[in-house]
Amino acid sequence: MLSHWSLDPDVTYLNHGTVGVAPKRVLAAQQAIRDEMERQPSRFLLREVVCLAGVPRDEPTRMRRAAAAVAAFVGARERDVVFVDNATTGVNAVLRSFPLDPGDEILLTDHNYGATARVALFVARERGAQVRTVTVPYPRFDAGQLIDELARAIGPRTRVAVLDHITSESALVFPLQEMVDVCRAGGVPVLVDGAHAPGVLPLDIPSLGVDWYTANLHKWAHAPRSCGFLWAAPERQANLHPAVISWGLDKGFLAEFDWVGTRDPSPWLAAPEGLAFLQELGFEDVRTHNHSLVWRAAQQLAERWDTAIEFPEAATGFMATVPLPAALGSTPEQAACLRDALLFEDRIEVQLHAAHRRLWARVSCQVYNDDADIEALARAIERRI
Ligand SMILES: Cc1ncc(COP(=O)(O)O)c(C=O)c1O
0 MLSHWSLDPD VTYLNHGTVG VAPKRVLAAQ QAIRDEMERQ PSRFLLREVV
50 CLAGVPRDEP TRMRRAAAAV AAFVGARERD VVFVDNATTG VNAVLRSFPL
100 DPGDEILLTD HNYGATARVA LFVARERGAQ VRTVTVPYPR FDAGQLIDEL
150 ARAIGPRTRV AVLDHITSES ALVFPLQEMV DVCRAGGVPV LVDGAHAPGV
200 LPLDIPSLGV DWYTANLHKW AHAPRSCGFL WAAPERQANL HPAVISWGLD
250 KGFLAEFDWV GTRDPSPWLA APEGLAFLQE LGFEDVRTHN HSLVWRAAQQ
300 LAERWDTAIE FPEAATGFMA TVPLPAALGS TPEQAACLRD ALLFEDRIEV
350 QLHAAHRRLW ARVSCQVYND DADIEALARA IERRI
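Residues in the sequence shown are numbered consecutively from 0, following numbering that gives the first Met the number 0.
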């Protein structure tokens, strides 16, 4: 499978989840789009990608056609989906558009992605609002306890909750539907950060009953960087603005987001090619391969390193975060040194971090990985104990 990607064959790449890896054929499709654009750039950008010049035409723009393919993949209607650069941009759009009064609360968990937490902090700071953070039961993850903690944290001033579908460092698949149900019962609108979900979990976004869902397609859905999307429930679209205001202001959800200034739209227009690649590989086959490899890896690595994983298989997607032996340290500096040593000495790229007084490895499994990659990581760590 490695031949479908341009990855260096001398590096064991166990870090697909961090910034994604675009397959060769998707990059080729993106280049073809760029070549076409450069033949007649203004026609391509202003008449075909969006309709900002000339007499409006009836057929959908290329942006809308690409959005339709993405919408179909996540069970949504084309008119409820817009492209954004990435999940960070989607979170910015929603939280910065959301009306908050002094004393209002934004609800997060302590496993939210760091950038998302900072957006919430920024918005709260500007409006005199507060961020309330639910502590996820971890490292011994307990989905039921998380749902209870979330319910307890909802108060009279909770105005919006930002929930991960799959967390970043801890790589947990959250019990999203139950968490959403708790928020809805408390009258709290929900923004889902699904950065890692498309291409890992089958999605039917409208059925979740959430207000907004933003995600990346460049991580697991094989789109080129930078390609994310934002879905908004119809009743949430009127006052939703992109982080960058442009010509579409007050012209409706699609007009606001489809043009955010002159930029290269090729990652978005090439997203359908990534989805086609995934369908050709067979989404279910990919899921079976990646999930079973990572679950096996989590158990084997913990056994080899004499540590323990304390999350169930149900909370595992295509990534697993495994504790490293205590002898390897506990600080962010030690994590950085070890990560460099693995890359430059062992030619293994894997995400490492320090938390809960120890180091952790987050292993990503994509179809180009196999048990030999896990064995290489297991041994490289064993050599350093
Ligand atoms: C849960 C989560 N949210 C958001 C992001 C941000 O993604 P991006 O940098 O593409 O905006 C990440 C990135 O890894 C993530 O793991």
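Using N, Cα and C, we set each Cβ at its ideal position, and we do this for glycine too.
Would residue i and residue j be called neighbours here (beta carbons separated by less than 8 Å)?
i      : j      : result
Asp109 : Thr87  : no
Ala231 : Trp211 : yes
Asp9   : Arg346 : yes
Val199 : Trp219 : yes
Leu341 : Leu358 : no
Leu300 : Asn368 : no
Ala353 : Ala334 : yes
Asp79  : Pro233 : yes
His164 : Gly185 : no
Leu376 : Thr11  : yes
His15  : Gln298 : no
Trp304 : Ile380 : yes
Arg117 : Asp100 : no
Leu26  : Pro223 : yes
Phe228 : Val20  : no
Leu274 : Val285 : no
Thr315 : His288 : no
Asp257 : Leu13  : no
Pro174 : Leu145 : yes
Leu327 : Arg382 : no
Ser96  : Asn215 : no
Ser167 : Tyr137 : no
Pro59  : His221 : no
Ala296 : Val362 : yes
Gly102 : Arg156 : yes
Ala269 : Ala28  : yes
Ala152 : Arg124 : no
Going by other Cβ atoms of all chains shown within 10 Å of its Cβ, with 16 needed for buried, is residue i buried or exposed?
i      : result
His217 : buried
Gln30  : exposed
Asp147 : exposed
Arg42  : exposed
Gln129 : buried
Met36  : buried
Arg61  : buried
Val321 : buried
Trp246 : exposed
Pro331 : exposed
Glu309 : exposed
Glu255 : buried
Gln176 : exposed
Phe343 : exposed
Arg235 : buried
Pro271 : buried
What first and last residue would you give for the alpha helix (DSSP H) that runs through residue i?
i      : result
Pro331 : Pro331 to Phe343
Phe121 : Gly113 to Arg126
Ser363 : Taken as a continuous stretch (DSSP letters only), Ser363 belongs to no alpha helix (DSSP H), being part of the beta strand (DSSP E) at Arg357 to Ser363.
Ala325 : Here Ala325 belongs to no alpha helix (DSSP H), and DSSP marks it neither H nor E.
Glu374 : Asp370 to Glu381
Val181 : Leu175 to Ala184
Ala254 : Phe252 to Asp257
Trp304 : Phe282 to Trp304
Val18  : His15 to Val18
Ala71  : Arg61 to Phe72
Trp267 : Ser265 to Leu268
Ser206 : Ile204 to Leu207
Check for me: the beta strand (DSSP E) holding residue i runs from which residue to which?
i      : result
Gln129 : Gln129 to Val133
Asp192 : Val189 to Asp192
Gly227 : Gly227 to Ala231
Gln30  : Unbroken run through Gln30 is the alpha helix (DSSP H), Lys23 to Arg38; no beta strand (DSSP E).
Asp103 : Asp103 -> no beta strand (DSSP E), and no H or E assigned at all.
Leu351 : Gln350 to Ala354
Ala160 : Thr157 to Asp163
Asn91  : Segment Ala86 to Ser96 is the alpha helix (DSSP H) holding Asn91; no beta strand (DSSP E) there.
Val80  : Val80 to Val83
Ala152 : Element bounds for Ala152: not the beta strand (DSSP E) but the alpha helix (DSSP H), Ala142 to Ala152.
With 8 Å as the threshold, decide whether the Cβ of residue i is near any Cβ in chain D.
i      : result
Arg126 : Here chain D cannot be found, since the structure has a single protein chain.
- Message: Count Cβ pairs between the segment 57–73 and the segment 84–98 that sit closer than 8 Å; are there 3 or more?
- Response: no
- the segment 90–101 in contact with the segment 231–244 per 3-pair CB rule at 8 Å: yes
- Is there contact between the segment 260–277 and the segment 58–68, where contact requires at least three CB pairs shorter than 8 Å? yes
- Message: Within 8 Å, do at least three Cβ pairs link the segment 99–109 to the segment 155–168?
- Response: yes
- Item | the segment 203–210 in contact with the segment 163–180 per 3-pair CB rule at 8 Å | yes
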